[in-house]
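In the UniProt record's numbering, the protein residues as written are 1 to 367. Backbone N, C-alpha and C define an ideal beta-carbon position, used for all residues, glycine too.
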């Protein structure tokens, strides 16, 4: 699909409004509304456009005093199920809550959309309804990964938008990921690394070696530092801020990390409830255990960001509960406040000229 297109200029969106797909998650709209309550309680400035079946949503919202006057409900009769094929949704999904939520961003009513729905359908609809930024070939999903860095997180992308990525795509991921780290984590000059099976320059697939040279050559234009190849054990480390990989590898790593975090939590609960003495120890360590639980809880860093679009989309886990939805809304709010979409577009546009020349020099010709 061509990235060269003409669009009517969109009105400036209120930075306090979040467009939310209420129907897409496994737990239904009740969990989504409960998440909005959590987010609204902590931040009185947030307003919502909530998309889904009006009668059901009005009943849920009316019970929550904190949401009074802060939710605009848009009726959408249909739902994109987790089993739906993206191509079918594209052809027949105009009446779905997901489509409606994205159109609120497209029409300038909100700067960001949040959905717990079908990832493939959401990505395809986002590309078609919002369009890709000029110069972006493959949009990517970026996630925040708990790390040893002072800011507490690293950025990893792609974690599932597209299983394929050649060297030119990985270069774009580096540019977009560094922009996300700059705006989302406040890093002036993020450190970028490529995920590989080893740190030696002679290791890995051909496209990774080519990407190594392209990304290294683009540091000045992209305003980031390149640390070379990094391994799986470096993802939560303090030696890198942005980890670049293809969507297949990134998604496997993400799901593995989330599963391991849950396993550690289960093991801790079992260990501290095994004997009367261990239960006493758990009481003595209660504050520290709560702090640990908060740090490793995948729900609290819930939300993958679609990068490379004319609008910001935050994909929350399909199984998200109220805590997970609230975390995704918080991330969406922070990105909206920073003007992230506009900053990312400016970064891609500014870097595309110099980087394109570097690509020709390094790769030996036009793509």
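Given residue 165, which residues of its chain have a CB within under 6 Å of its CB, disregarding the five upstream and five downstream residues? 246
Sorry if obvious, but does the Cβ on residue 144 come closer than 7 Å to a heavy atom of the ligand FAD? Questions concerning the ligand FAD fall outside what the structure shown contains, since it holds no ligand whatsoever.
Supposed contact pair residue 139 and residue 318 - C-beta distance, whole angstroms, cut 8 Å: Rounded, the Cβ-Cβ distance is 19 Å, inconsistent with contact.
State yes or no: is the C-beta of residue 251 within less than 8 Å of the C-beta of residue 120? no
Proximal residues to residue 333 (C-beta, below 7 Å), its chain only, five neighbours per side dropped: 18, 43 and 46
Taking the Cβ atom as the reference point for each residue, do residue 285 and residue 278 lie within a distance shorter than 8 Å? no
Can you check whether the CB of residue 226 is closer than 8 Å to the CB of residue 219? yes
Taking DSSP's pairing of strands, which residues face residue 146 in a bridge? 153
Option nearest residue 37 by Cα separation, candidates 324, 183, 337 and 341: 324
Give me, in chain order, the residues of the same chain whose beta-carbon lies closer than 7 Å to that of residue 39; leave out the 5 immediate sequence neighbours on both sides. 46, 326, 329 and 330
Where residue 150 and residue 107 are concerned, what is the direct C-alpha to C-alpha distance, given to the nearest angstrom? 38 Å
Residue 241 (DSSP reduced to helix, strand or coil): coil
Compare the beta carbon distance of residue 82 and residue 21 with 8 Å and say whether it is the shorter of the two. no
Per-residue burial, residue 1 [other beta carbons within 10 Å of its own, 16 or more giving buried]: In this predicted model, residue 1 has a pLDDT of only 41, less than 50, meaning its place in the structure is not dependable; the value taken from the coordinates is given anyway. By the neighbour-count rule (16 or more Cβ atoms within 10 Å), residue 1 is not buried but exposed.
Inter-residue Cα distance where the pair is residue 5 and residue 189: Confidence is the limiting factor: at residue 5 the pLDDT is only 41, short of 50, which leaves the residue's position unreliable, though a coordinate-based value still follows. Rounded to whole angstroms, residue 5 to residue 189 spans 32 Å at the Cα level.
Straight-line Cα distance separating residue 110 from residue 170: 30 Å
Identify the continuous alpha helix (DSSP H) that holds residue 194 and give its terminal residues. Careful: residue 194 lies outside any alpha helix (DSSP H), inside the beta strand (DSSP E) at 191-195.
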